[in-house]
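Q: Our numbering puts the sequence shown at residues 8 to 261.
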Amino acid sequence: MDYDKRYWNKATSFYTKLGILWQWLKDGYIPVIVELKKALGDLRGKQILDHGCGAGKITRSLKLFYSAEVQGIDPSDNMIQEARKADPDGRYELLTGDFPWLDNTLDGAMSNWVFVEIGSVEEMDMAAREIYRVLKPGGPFVILVNNEEYIGKRTSTYQNGKPGKKYNPGDEIMVTCFIKENESIEFKDYYWPIETYCSVMERAGFREVTSYVPELNPRTFEEIEFLQSKDFFPDVDYQALVDEKPTVIIVGKK
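Shown next as structure tokens:
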């Protein structure tokens, strides 16, 4: 899979600095956890793949707070080095081709803000097929991507694309993350309609593929309260996210 390694390696310092993923996309990961638990129940001991794990922040969080056996894979040498440094006992694999797992061995998989970084449908197809291959029958695959309704709109923490500009499938789209009052960073994504991601999953063999905009519902608050009880970002006001829904969850089963 020919990911743009120069981009991924350059982004490493940004991802690790201030834990940006949890800071500006903090409303996205909780629904991913909810979906995994909905399909698998208690995550304790479950073998879960974090596709595009980056520096392993989400990987480690699920291991620490849910006792899941989460394993990561990423195309960036720098990201994998950061992940291994932070979690020497964890399994973090460099993505260079086929995944280094046997068929039907993992209980579930997640891919957070990864498919938006892939510039061709063919590469997405390859990734989805590999994830399908390594999952056990019935295993869930959860994808977290941008809500296309928010293209060009500035939220409290980021802006995805330029206002008024029309993007075609596969177009590059710049995402600006506002870290502090006078500090921001930019990431390169690609624009794909939600239907494209769903079709990719279906072609790979996933069934019951659905997409939705996450809401702050009772199950979401249950996970938030659990994580805050563990002193995991206890000062974050998740209620403030009610009026901002910049993410979409796509889920399917093998």
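C-beta atoms are modelled at their ideal positions from N, C-alpha and C, and glycine is treated no differently. These figures come from a predicted structure and were not determined experimentally.
#1: Three Cβ pairs or more, each shorter than 8 Å: is that satisfied between the stretch 110-124 and the stretch 133-149?
#2: In or out: Val255 buried (at least 16 other Cβ within 10 Å) or exposed?
#3: Can you name the residues that DSSP bridges to Leu113?
#4: With a 10 Å radius around its C-beta and 16 neighbouring C-beta atoms as the bar for buried, classify Gly177 as buried or exposed.
#5: Rounded to whole angstroms, what is the Cα-Cα separation between Tyr197 and Glu155?
#6: DSSP state of Phe148, grouped into three classes?
#7: Measuring CA to CA, which of Asn167, Asp105, Ile192, Glu188 is closest to Ile180?
#8: Is it buried or exposed for Asp94, if we count other Cβ within 10 angstroms and need 16 for buried?
#9: Please report the residue range of the beta strand (DSSP E) in which Thr162 lies.
#10: What are the start and end residues of the beta strand (DSSP E) that includes Arg214?
#11: Let me check you understand the geometry: is the CB of Gly145 closer than 7 Å to at least one non-hydrogen atom of the ligand SAH?
#12: Quick check: what's the CA-CA separation for Glu124 versus Lys195?
#13: Nearest-angstrom Cα distance between Glu42 and Gly259?
#14: Please give the ranges of any beta strand (DSSP E) in the stretch 25-81, keeping only runs that are unbroken, at least 3 residues long and fully inside the region.
#15: Please determine if the stretch 57-75 and the stretch 168-175 are in contact, where contact requires at least 3 C-beta pairs separated by less than 8 Å.
#16: Just to confirm the assignment, what range does the alpha helix (DSSP H) spanning Tyr204 have?
#17: Measuring straight from C-alpha to C-alpha, what distance separates Glu100 and Tyr219?
#18: When the Cβ atoms of the stretch 127-144 are set against those of the stretch 86-93, are three or more pairs found closer than 8 Å?
#19: Name the two residues that bound the continuous beta strand (DSSP E) containing Ile256.
#20: Tell me which residues share the same chain as Ile158 and place their Cβ nearer than 6 Å to its Cβ, disregarding the 5 neighbours each side in the sequence.
#21: Considering Cα atoms alone, identify which of Pro221, Glu229, Ile257 is closest to Val207.
#22: Verify whether the separation of the beta carbon atoms of Ile80 and Phe106 is less than 8 Å.
#23: CB-CB under 8 Å to Arg98, same chain, minus the five flanking residues each way: which ones, in chain order?
#24: Note down the Cα distance separating Asn111 from Glu215, rounded to an integer number of angstroms.
A: Inspection of the coordinates gives the following:
#1: Judged by Cβ distances under 8 Å, the stretch 110-124 makes contact with the stretch 133-149, as three or more pairs qualify.
#2: Your numbering for residue 255 matches position 248 in the sequence shown. Buried is the call here.
#3: Within the sequence shown, numbered from 1, the residue matching residue 113 stands at position 106. Checking the DSSP bridge columns, you'll see Leu113 partnered with Leu142.
#4: Position 170 of the sequence shown holds residue 177. With fewer than 16 other Cβ atoms within 10 Å, it is exposed.
#5: Counting from 1 along the sequence shown, the entry for residue 197 is found at position 190. Counting from 1 along the sequence shown, the entry for residue 155 is found at position 148. Using only the alpha carbons, I get a separation of about 11 Å.
#6: Locating residue 148 in the sequence shown gives position 141, counting from the first residue. Strand.
#7: By 1-based counting over the sequence shown, the position of residue 180 is 173. Nearest C-alpha to Ile180: Asn167.
#8: As a working mapping, residue 94 is identified with position 87 in the sequence shown. Looking at its Cβ environment, which holds 16 or more other Cβ atoms inside 10 Å, Asp94 is buried.
#9: The sequence position of residue 162 within the sequence shown is 155, counting from 1. Taken as a continuous stretch (DSSP letters only), Thr162 belongs to no beta strand (DSSP E), as it is neither H nor E.
#10: Residue 214 sits at position 207 when you count from the first residue of the sequence shown. Residues 214-219.
#11: Among the components of this structure there are no ligands whatsoever, and the ligand SAH is therefore not found.
#12: Translated into positions along the sequence shown, residue 124 becomes position 117. Translated into positions along the sequence shown, residue 195 becomes position 188. Roughly 7 Å separates the two Cα atoms.
#13: In the sequence shown, the residue the question calls residue 42 occupies position 35. In the sequence shown, the residue the question calls residue 259 occupies position 252. Taking the straight line joining both Cα atoms gives about 10 Å.
#14: Within the stretch 25-81, the complete beta strand (DSSP E) runs of at least 3 residues are 54-58, 76-81.
#15: no
#16: The sequence position of residue 204 within the sequence shown is 197, counting from 1. From DSSP, the alpha helix (DSSP H) with Tyr204 extends over 201-211.
#17: Here residue 100 is taken as the residue at index 93 of the sequence shown, counted from 1. Here residue 219 is taken as the residue at index 212 of the sequence shown, counted from 1. Glu100 and Tyr219 have their C-alpha atoms roughly 30 Å apart.
#18: no
#19: Numbered from its first residue, the sequence shown carries residue 256 at position 249. 254-260 is the span of the beta strand (DSSP E), which, as asked, contains Ile256.
#20: As a first step, residue 158 must be located in the sequence shown, where it is residue number 151. Closer than 6 Å at the Cβ level, and outside the excluded window around Ile158, lie Asn167, Gly168.
#21: Taking the sequence shown and counting its residues from 1, the one referred to as residue 207 is at position 200. Ranked by how close their Cα comes to the Cα of Val207, the residues Pro221, Glu229, Ile257 have Ile257 in first place.
#22: Taking the sequence shown and counting its residues from 1, one reaches residue 80 at position 73. Taking the sequence shown and counting its residues from 1, one reaches residue 106 at position 99. Cβ atoms of Ile80 and Phe106: closer than 8 Å.
#23: Translated into positions along the sequence shown, residue 98 becomes position 91. Once the five neighbours on either side are set aside, the close Cβ partners of Arg98 are Gln78, Gly79.
#24: Walking along the sequence shown from the start, residue 111 turns up at place 104. Walking along the sequence shown from the start, residue 215 turns up at place 208. Going by the C-alpha atoms only, they are around 19 Å apart.
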